[in-house]
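Please read the structure below before turning to the comments.
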Amino acid sequence: MTDYRVSDVMTKQVVYLPVETTLDEAARVMKEADIGDVVVTDGASLAGMLTDRDIVVRAVAENSSPAATTIGSIVTREVVMIEQHCTAGEAAALMRDRGIRRVLVCDSDRKLVGIVSLGDLAMQLDPTSALSEISEQSPTV
1 MTDYRVSDVM TKQVVYLPVE TTLDEAARVM KEADIGDVVV TDGASLAGML
51 TDRDIVVRAV AENSSPAATT IGSIVTREVV MIEQHCTAGE AAALMRDRGI
101 RRVLVCDSDR KLVGIVSLGD LAMQLDPTSA LSEISEQSPT V
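Residues 1 to 141 (full-length UniProt numbering) are what the sequence shown spells out, left to right.
Written out as C-alpha cells, the structure reads:
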C-alpha cells in the first residue's frame, strides 16, 4: 500500500456546489456524475464537503424537504485534507484515525486537487477485493 501516492489513487474530478444549492439538486448532480460527494463553497471559500450519506442521514432521516433544504444547512464543515504526495497507506491511516471515508487532496500550496475515498484506495490496491467490488457497484444517490 505504501508504494502508491495519494495522487495515483485519488479522483481528480471535483464537483463544486454553492451552499445555496438544494438537496434535491445536489442529489441529481451526484447521480448524473456518478459520485458520492461534492465540495461545498460559500462564495470563493471552501465551506465543507457533502456526501450522499449526509443527504440520507442528516436530511431524509429528519424529514427535511429536499426541495427547500440547502446543502449549506447540512454540510460537514470540518474537512480533512492530505497532501497529494503522501502515501496511500498514510491516507488509509488518516481515514482510520479520523473515522472517515473521504479526504480532500491538496497540493503543496494547499490548493484542492482531488478527493480520495476508501473505495479509491480499495480499487487501486486490490481490485479483486470485496470492498472494491462493492465500491464499484455501489450506486450513489
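No residue lacks a Cβ here, since even glycine has one placed at the ideal position from N, Cα and C.
Entirely within the UniProt domain "CBS" (10-65) and at least 4 residues each: give me those alpha helix (DSSP H) ranges in chain order.
The DSSP assignment places complete alpha helix (DSSP H) segments of no fewer than 4 residues inside the UniProt domain "CBS" (10-65) at 23-33, in order along the chain.
Could you please give me the residues that DSSP links to Arg102 through a beta bridge?
Ser117
Does Arg5 come out as helix, strand or coil in the three-state DSSP assignment?
strand
Where does Gln13 land, buried or exposed, given buried means 16+ other C-beta within 10 angstroms?
Under the 10 Å beta carbon count, Gln13 is surrounded by fewer than 16 other beta carbons and is classified as exposed.
Between the segment 74-94 and the segment 48-56, can you find at least three pairs of beta-carbon atoms closer than 8 angstroms?
yes
For Ser117, count neighbouring C-beta atoms within 10 Å of its own C-beta (all shown protein chains included) and say buried if the count is 16 or more, exposed if not.
buried
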